[in-house]
Amino acid sequence: MIFPIWIPFHNEWWTFSTFLFIILGFVGFSDLSLKKGWISPEANRKWVHCLVGLSVAISPLIFSTNLQPIALSFIFIILNTVAIKKEIFKGIHSQSRITYGTVLFPFAYLILVLTFWTYPEFLIISLLILAISDPLATQVGQDTPKQSKFKIWEDEKSFKGSIAFFTSSFIIIYLSTHFLFDYSFIYLFGISLFTASGATIAEATSCKGTDNVSIPIVSILFLIGFQDNFIINSDLQSQIAFNIYCISLVIIIFSIAYKFKSLSLSGYFGGLIMGIIIILFGGWFYLYPICVFFILSSILSKIVKKTSSFKTKEANRDIIQVYSNGGIGLIICIFDYFSDPNLYIIPIYLASIAAATADTWGTEFGKYSKKRPVSIYNFKTIDHGMSGGITLIGSIGSLLGASVIAFAVWLFSPISNSILFAIIFIGFLASLFDSLLGATVQAKYETQFGEIIEIQENGATLISGYKWLNNDMVNLLNTAFAPILMVLYLILFNTPL
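Residue numbers for the sequence shown follow the numbering used here, so the first one is 820 and each next one is one higher.
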């Protein structure tokens, strides 16, 4: 099928203006409906979500470029942000819980039209899932008894709602791909089952409306990944079997980690999605370094907990911690797939994983220190467990962690020694950067009893740093800093691979 299939006006800005007017009409009518009490607030919100979602889903059918959809998404990101702050247009906002879904919806649309405009069929399907399946799941699950509900992350879900979401997603994908592509029944069934499963996990694992982003992005990545990796061709049977083996391996690894309480439930499902996407777009070479990081770091954490004198509460990695350590690597992996071939992206990815490993191992090894850590900023002694502190044994642990990633890469790939040493040095340097952020700008609070903590609690007062800059954000910046250093290294030294 050739896109767009219909251009309403020769000047597409007239189409844009009409499109904008229609969507604003939906928003205005929902506000009027709420004030008049024609339908319940939640039903009102779901209907406008569905209508707006269906409207933007057809954008590849009527626009020849993504310029107008990009402009549309920016307009509604700004309008919806203002609406939340000024408490206007209440018809599009949830009345029963705090959610930022109305801002995240156009943000997700922006990502889709910016990144995947050349996949119009899949863009339409992913937005249809968000427009139809998401409100349907809410509608089906809203009357479910409390005991039949569950919570993976923060938002409460129901089994009936999740079943409704999966079923409707499967039907949408199957019918759409049947209409848009010339695939066999088996292939249509496979891509529908695979994508509907990923989308259902994304919908169930949400916090304050984040599923408005995760549903369409996971859906389109699974659609593209399945299409590119599971082509029915006798010459590719071995590759398909290997992909299935890798996905099975990821499921087994994360299931074991969840069983041994290295992961929370949200971390488990978030890790599954991350691992599968890395397999689809990066393959084994991108998968095994992050598996080395996760498996060895989890084992190390268990050993340290049992053998060190420094005792902490059981800390299962949740979805935020999973993505603060591996999210940048995931983005680099996806970028590599959709960009022109460039071998230098691989060491940039490895630098991010080495930084995450160095930071994690530095923290764990530091628990063996008999001396109190000193602040990397002013070299004053601080309590064990406080961010920004360094110890000799912790620094050795950081260096060892980065070296483990470099060694794992050396075992399976012909990367030059200079790049391997750069991975070690940059990973270690990034862990020091993490400590510097922890000592200077990471949020710290004082409780009513004078205790200094790093997680906000009721009654605690912010005494240093920025409220939004917690330990997870520092870890994310750490894993972003290392790739920047690697880029600078590759540019300055023009190092061969």
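For every residue, glycine included, the Cβ atom is placed at its ideal position computed from N, Cα and C. In this text, all values refer to a predicted model and were calculated from it rather than measured experimentally.
Continuous alpha helix (DSSP H) stretch holding residue i: start and end
i	result
Lys-970	Where Lys-970 is concerned, there is no enclosing alpha helix (DSSP H), although the beta strand (DSSP E) it sits in stretches over 968-970.
Ser-849	831-855
Ser-981	978-999
Thr-1318	Because the chain in this structure spans residues 820 to 1316, residue 1318 falls outside the shown range and cannot be described.
Trp-825	Segment: none, Trp-825 is in no alpha helix (DSSP H) and carries neither H nor E.
Ser-1083	Neither: Ser-1083 is in no alpha helix (DSSP H) and is coded neither H nor E.
Ile-1072	1056-1078
Ser-1038	1030-1048
Proximity of residue i and residue j at Cβ, strictly below 9 Å
i	j	result
Lys-979	Ser-987	no
Thr-1298	Ile-1172	yes
Ser-1074	Tyr-1087	yes
Pro-1108	Met-1305	no
Ser-807	Gly-1207	Since the first residue shown for the chain is 820 and the last is 1316, residue 807 is missing from the structure and cannot be characterised.
Val-1228	Asp-1253	no
Ile-1070	Leu-1091	yes
Ala-1018	Val-1032	no
Asn-1099	Asn-1062	With the sequence shown as reference, residue 1099 is identified as Leu, and Asn is not the correct amino acid for it. Yes, these two residues count as a Cβ contact at 9 Å.
Phe-924	Val-871	yes
Asp-1030	Gly-920	yes
Asn-885	Leu-933	yes
Phe-1104	Ser-1237	no
Ser-883	Val-867	no
Tyr-1168	Asp-1159	no
Tyr-1196	Ala-1279	no
Tyr-1142	Gly-1094	no
Ser-1016	Phe-985	yes
Thr-918	Gly-847	no
Cys-1110	Ile-1072	yes
Ser-1083	Asn-1135	yes
Phe-838	Leu-880	no
Phe-1268	His-1203	no
Phe-1079	Lys-1124	no
Ala-1021	Ile-1005	no
Val-922	Ile-907	no
Ala-1170	Ile-1234	no
Residues near residue i in its chain [Cβ-Cβ closer than 8 Å; skip 5 each side]
i	result
Ile-1010	Ile-992, Thr-996, Tyr-1002, Leu-1042, Phe-1045, Gln-1046 and Phe-1049
Ile-1039	Leu-931, Phe-935, Tyr-938, Phe-941, Leu-942, Ile-944 and Ser-945
Ala-858	A small correction: the amino acid at residue 858 is Ile; Ala does not occupy that position in the sequence shown. Within the same chain, Ile-858 has close Cβ partners Ser-852 and Trp-866.
Lys-1286	Ala-1262 and Gln-1275
Phe-845	Val-867, Leu-870, Val-871 and Ser-874
Glu-1273	Met-1205, Ser-1206, Gln-1261, Ala-1262, Lys-1263, Tyr-1264, Asn-1289 and Asn-1290
Gln-1140	Gly-1086, Asp-1291 and Asn-1294
Opening and closing residue of the beta strand (DSSP E) in which residue i lies
i	result
Glu-1265	1263-1265
Sequence-distant residues of the same chain with beta carbon closer than 6 Å to residue i, five excluded per side
i	result
Phe-1184	Ile-1212, Gly-1213 and Gly-1216
Ala-928	The sequence shown places Tyr at residue 928, rather than the Ala named in the question. These residues qualify, in order along the chain: Val-875 and Ser-892.
Ser-878	Pro-888
Tyr-1187	Ser-1127 and Ile-1212
Gly-1220	Thr-1176, Ala-1177 and Trp-1180
Val-959	Lys-979, Gly-980 and Ala-983
Phe-1300	Ala-1249 and Phe-1252
Arg-1191	Thr-1200
Ala-1241	Tyr-1308
Phe-828	Thr-834
Phe-1247	Ala-1177, Ser-1217, Leu-1218 and Ala-1221
Ile-1153	Phe-1100
Ile-1097	Tyr-1105, Leu-1106 and Cys-1152
Tyr-1077	Tyr-1087
Ile-1164	Asp-1155
Same chain, Cβ closer than 7 Å to residue i, neighbours up to 5 away in sequence not counted
i	result
Phe-1112	Ile-1172, Ala-1175, Thr-1176 and Ile-1224
Ser-1085	Ile-971, Trp-972, Thr-1024, Asp-1137 and Ile-1138
Ile-1282	Lys-1263, Tyr-1264 and Glu-1265
Ile-842	Val-871 and Ser-874
Thr-957	Lys-865 and Gly-980
Cys-1026	Trp-972, Glu-973 and Asp-974
Notebook entry, point to check: What alpha helix (DSSP H) runs, 4 residues minimum, are completely inside the stretch 1185-1240?
Noted result: 1211-1231
Notebook entry, point to check: Taking contact to mean at least 3 C-beta pairs separated by less than 8 Å, is the stretch 886-896 in contact with the stretch 940-953?
Noted result: At 8 Å Cβ cutoff, the stretches do not touch.
Note to self: To test your reading of the DSSP string, which unbroken alpha helix (DSSP H) runs of 4 or more residues are found completely within the stretch 873-952?
What the structure shows: 878-881, 886-905, 920-934 and 939-947
Note to self: I'd like the ranges of any alpha helix (DSSP H) spanning at least 4 consecutive residues and lying wholly in the stretch 1267-1315.
What the structure shows: 1290-1312
Item checked: Segments of 3+ residues assigned as beta strand (DSSP E) that fall wholly inside the stretch 1099-1177 -> none
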